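When the sequence shown is numbered by my numbering, its final residue is 1762 and no position is left out of the sequence of numbers.
Yeah, the Cβ is synthetic: ideal placement off N, Cα and C, and Gly gets one too.
What you are looking at is a predicted structure, and each value in this text was computed from that prediction instead of being measured.
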Amino acid sequence: MPAYKTPGVYVEEISTLPPSVAEVSTAIPAFFGYTEKGPHVARVSTLLDYEETFGGPNPATFTITTSGDTVGEVARDDEGFQFLLYYAVSHYFKNGGGACYIVSVGNYGDTPAKDDFEAGLDAIEKEDEPTLLVLTDAVNLDAADYHSLCQDALAQSRKLGDRFAIFDVQMAEGESEDSLSTDVAAFRQAIGTSNLMYGAAYYPYLQTSLSYDYEETGVTLLPPPPWSKELAANTIKVTFSGSIGSTPTAQIVATADATTPTFAIANRSITITVKEGATTGAAVVEAWNTWKADNTHDPKGFSLTVAGSGTANLVAGNVDLIPGNTLAAIKSTNTALYNQIKARLAAERIILPPSAAVAGIYASVDRTRGVWKAPANVSIASAIGPVTKITNDDQDNLNVDPTAGKSINAIRAFTGKGTLVWGSRTLAGNDNEWRYIPVRRLFILIEESTQKATSFAVFEPNDMTTWLKVKGMIESFLYGLWERGALAGSAPDAAYYVNVGLGKTMTAQDILEGRMNVEIGIAASRPAEFIVIRFSHKLQEA
């Protein structure tokens, strides 16, 4: 109580409510990969935020075989490394994801490298909010580099104690179902044995309902039609169907003393000389037909036709002809084929590693049920199905690893249910304490929330008053979790305990050295992984 020296009325506010523990966020993933604009780290809440900050996807390129107006085979040309981050983040949002961090480790012009991702991990280590690590584009690195990054992510999660890593088991494009055991064995062999309780792995990849982004100039048609270019509205269209080589060009030279249009062709380039401001497209085509009819002139693959009405005058300038072997070139000349190709390209679906969708499911389940609910037996949105079908026998070996306990969570398709996440184990599958993902993440929630909430007690007197405040605050927090089903036990005493005080958690020496020790015990609820229903014959009684 302050000492009063002047007579008067004084008002004092007395705090009667204890401090409280505020739950930290549990599902704020950090995605690593390459973007159109980067590298840098930023927090985004929607796909629109992502596009404004990091740009769009890396356009895919296709080669399409056509026969007349019929579309044949469609082949994607980018067989090598794919930049998947944009599509993965889109899949994350479609599966209920919220705010997340994007760690752009480079842009589409870079050559992917392990060093880029290591720099990204160093950058995200400085951020306090992320709670999930998703390596995304790293799956397309060399297997040794990818597994090394997985170990780095586990080490960071253990060091900070506030995050959890979601991994993909690498799959090569076009793998068959026979590759399941090979993929899983390679991952288990290379992931090591350290910090396994801070990560979970999922298998296989997903055939999503997302379509590739592409540019019409990046869609090549075979066999190639001619190159062409309409110079200006209602003038002329220049077409080239000669030998394949450098880009054909057209040059318009406008002079005041020209009488009739003249033509000169050399090195896949046509030069048209016209009277300045007084030569229409129709007049040029008429002169061209006369010039070409003379057997002494060789058009060398060029042809000129009227564009539109042909009544506009040509102006000086140079243009490159557009290759006719692209989708852009047939947009106005062959609408039927153009629309067929667009429909076929829309049906080309993207195959993605499952980690981004799983991160979205973590966020959705945390929001609707709580971090203590296993993120499993949940349908994956925007997924046609897993690329490899997994049977019960297959999952026996994925779920239980008798050698090292490295459990792999399966993505499975069930008749009438769709594609479900069908596993909820950490990589420490043989660890009785940290076998289950919700148990590990619940402890992260409680540890992080309690750590931040008790910071008020730093430099407070290390006496009974402070101890009671801390104990009451933590017990109130744990009671709330127990009421919501996060903790096991029919009564609060069976679900948790909090001890603090001299003779309980501290000695006199601890107090002299400024240490206040708080001991918390928690009975976390565990998922019912195996539902066993026993049947028996009941004998007739009468």
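Counting contacts by CB-CB distance shorter than 7 Å, is residue i in contact with chain C?
i, result
"GLU1347", "The chain inventory of the structure shown lacks chain C, comprising one protein chain alone."
Among the options, which has the Cα closest to the Cα of residue i?
i, options, result
"ILE1542", "ALA1536, ILE1550 and VAL1535", "ILE1550"
"THR1555", "LYS1379, VAL1291, ALA1577 and ALA1744", "VAL1291"
"LEU1451", "GLY1318, ALA1536 and VAL1389", "ALA1536"
"SER1377", "LEU1353, ASP1365 and ALA1364", "LEU1353"
"THR1525", "HIS1367, GLU1232, THR1459 and SER1240", "THR1459"
"ASN1487", "PHE1252, LYS1520 and GLY1501", "LYS1520"
"PRO1332", "LYS1626, GLU1349 and ASN1360", "ASN1360"
"VAL1505", "GLY1497, THR1480, SER1489 and ASN1515", "THR1480"
"LYS1457", "SER1466, ALA1470 and GLY1465", "ALA1470"
"ALA1474", "SER1489, SER1466, LYS1495 and ALA1484", "LYS1495"
"GLY1497", "ASN1545, ASP1477, PRO1238 and PHE1282", "ASP1477"
"THR1286", "ILE1561, ILE1485 and SER1756", "ILE1561"
"ASP1330", "SER1463, ALA1527, LYS1257 and GLU1653", "LYS1257"
"GLU1233", "ASN1315, ALA1242 and PRO1222", "PRO1222"
"ALA1420", "VAL1752, ARG1655, ARG1704 and LYS1672", "ARG1655"
"ALA1319", "ASP1269, LYS1724 and PHE1697", "ASP1269"
"PHE1274", "TYR1321, LEU1237, PRO1239 and HIS1311", "TYR1321"
"GLU1347", "VAL1323, PRO1238, VAL1241 and VAL1389", "VAL1323"
"ASN1650", "VAL1620, PRO1468, ASP1614 and THR1226", "VAL1620"
"PRO1239", "GLU1272, MET1693 and GLU1761", "MET1693"
"VAL1738", "ARG1754, GLY1721 and ILE1753", "GLY1721"
Cβ of residue i within 7 Å of Cβ of residue j?
i, j, result
"ALA1358", "PHE1384", "no"
"THR1510", "THR1493", "no"
"ILE1600", "VAL1404", "no"
"VAL1309", "PRO1259", "no"
"SER1575", "ILE1386", "yes"
"LEU1416", "ALA1648", "yes"
"TYR1254", "PHE1303", "yes"
"LEU1534", "ILE1472", "yes"
"THR1646", "ARG1660", "yes"
Can you find the residues in the same chain that come closer than 7 Å, C-beta to C-beta, to residue i, ignoring five residues on each side of it along the sequence?
i, result
"GLU1695", "VAL1718"
"PRO1277", "TYR1306, TYR1307 and ASP1433"
"ASP1586", "THR1246 and ALA1247"
"THR1283", "ALA1295, ASP1297, THR1440 and LEU1442"
"ASP1382", "THR1351, ILE1664 and GLU1668"
"ALA1507", "THR1480 and PRO1481"
So what does residue i bridge to, in DSSP terms?
i, result
"LYS1449", "VAL1458"
"CYS1320", "VAL1264"
"TRP1642", "ALA1630"
"GLY1419", "ALA1385"
"LEU1707", "ALA1744"
"VAL1284", "Correcting the residue identity first, residue 1284 is Ile in this sequence and not Val. Bridge partners of ILE1284: VAL1294 and LEU1441."
"PHE1251", "ILE1322 and VAL1354"
"ARG1569", "SER1431"
"PHE1483", "ILE1492"
"ALA1470", "ILE1490 and VAL1539"
"SER1523", "THR1459"
In whole angstroms, give me the CA-to-CA distance for residue i and residue j.
i, j, result
"ALA1250", "VAL1244", "16 Å"
"SER1710", "THR1727", "33 Å"
"GLU1782", "GLY1580", "The displayed coordinates of the chain run from 1221 to 1762. Any statement about residue 1782 would go beyond what the structure contains."
"LEU1701", "LEU1707", "7 Å"
"MET1684", "TYR1418", "36 Å"
"LEU1640", "MET1736", "46 Å"
"TYR1425", "PHE1750", "25 Å"
"TYR1558", "LYS1609", "35 Å"
"GLY1438", "SER1602", "26 Å"
"VAL1294", "LEU1442", "10 Å"
"LEU1665", "GLY1590", "11 Å"
"GLN1409", "PHE1679", "48 Å"
"THR1553", "SER1461", "16 Å"
"ALA1624", "SER1431", "39 Å"
"THR1266", "ASN1327", "20 Å"
"ARG1263", "ILE1485", "57 Å"
"LEU1400", "ALA1567", "27 Å"
"ASN1612", "ALA1677", "52 Å"
"ALA1633", "GLY1605", "6 Å"
"SER1584", "THR1356", "19 Å"
"LYS1672", "LEU1698", "15 Å"
"ALA1527", "THR1491", "18 Å"
"LYS1637", "TRP1687", "52 Å"
Please return the same chain residues whose Cβ sits closer than 6 Å to the Cβ of residue i, not counting the five positions on each side in sequence.
i, result
"ALA1594", "SER1644, PRO1658 and PRO1747"
"HIS1517", "TRP1511"
"ILE1740", "VAL1718"
"GLY1205", "The displayed coordinates of the chain run from 1221 to 1762. Any statement about residue 1205 would go beyond what the structure contains."
"SER1523", "THR1459"
Which same chain residues end up closer than 8 Å to residue i when comparing Cβ atoms and leaving out the 5 residues on each side of it in sequence?
i, result
"THR1531", "ASN1454, THR1500, GLY1501 and ALA1502"
"VAL1607", "MET1391, GLU1395, PRO1424, TYR1425, LEU1426, GLN1427 and ILE1571"
Is the beta carbon of residue i within less than 6 Å of some heavy atom of the ligand ADP?
i, result
"SER1429", "Absence of the ligand ADP is noted for the structure shown, with no ligands found whatsoever."
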